[in-house]
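Enquirer:
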């Protein structure tokens, strides 16, 4: 086992089944443990643990973020000089940097509606997702305007209420957006890897040791039976020789 830990070749392999089982299970244990750590490292490198996401607009400004937006949102940022001087107009997807391969050094934000974020994340969640800042830039009410004393107002409101209560509107919208793709996540601190996370690996080792002990008992039993049979045969041979005399 010491030779296996240091990664050298095994000059002498064990001959007994028990020793072979012990060595085999130890090597399997080391292999599984290494894969566990490699998998945890791979997940960590893909996660946001190394790059803490920005939680406020002021943090983005302090880190010199570029604010991409559609031309229809320019009026919303005219009074915010820090954002206005950092704005970039992106009226189509080709002008956005998010469709390109992920760059850890990309300092950019996208000013848009939550509906569009849900729609984009639903389309591209297998490649990348847009993270949502905890701070909302502005709230906009979406309303329908009628002419004064419009005679169809009550009937339209009644029809919309029926569609909402029956769930038809939700069914139509669900084809394009889902709330789970809004991707609002709480920032959690990194957790230390403890022995509790490796219980499965130790269980494999214990099962292997139990199998090795069972094989040892079987091996001892078989050797005892062989010795007993040999002794029995020798006693029979001696008895036959005496009878022959």
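Residue numbers (full-length UniProt numbering): 1 to 245.
Quick reminder that beta carbons are idealized off the backbone N, C-alpha and C, glycines included.
Because the structure is a prediction, the values reported are computed rather than measured.
1. According to DSSP, is residue 69 part of a helix, a strand, or is it coil?
2. Rounded to whole angstroms, what is the Cα-Cα separation between residue 110 and residue 42?
3. When you compare the segment 150-169 with the segment 208-218, are there three or more beta-carbon pairs, one atom per stretch, that lie closer than 8 Å?
4. Is it true that the CB of residue 204 sits closer than 8 Å to the CB of residue 28?
5. Count the CB pairs spanning the segment 80-89 and the segment 53-65 that are closer than 8 Å, and state whether there are at least three.
6. Compare the C-beta of residue 182 against all C-beta atoms of chain B and say whether one is closer than 8 Å.
7. Taking C-alpha atoms, which residue in 173, 79 and 147 lies nearest to residue 137?
8. Alpha carbon to alpha carbon, what distance is there between residue 25 and residue 221?
9. Is residue 123 helix, strand or coil when you go by DSSP?
10. To the nearest angstrom, how far is it from the Cα of residue 229 to the Cα of residue 20?
11. Per DSSP, residue 111 is paired with what?
12. At the level of alpha carbons, what is the spacing between residue 56 and residue 167?
13. Label residue 231 either buried or exposed according to how many other C-beta atoms from any shown protein chain fall within 10 Å of its C-beta, with 16 as the threshold for buried.
14. Residue 130: buried (16+ other C-beta within 10 angstroms of its C-beta) or exposed?
Expert: Checking against the coordinates, here is how it stands:
1. strand
2. 28 Å
3. Too few Cβ pairs lie closer than 8 Å, so no.
4. yes
5. yes
6. Although the question refers to chain B, the structure presented lacks it and comprises just one protein chain.
7. Of the listed residues, the one whose Cα sits closest to residue 137 is 79.
8. 22 Å
9. helix
10. 26 Å
11. 69
12. 35 Å
13. exposed
14. buried
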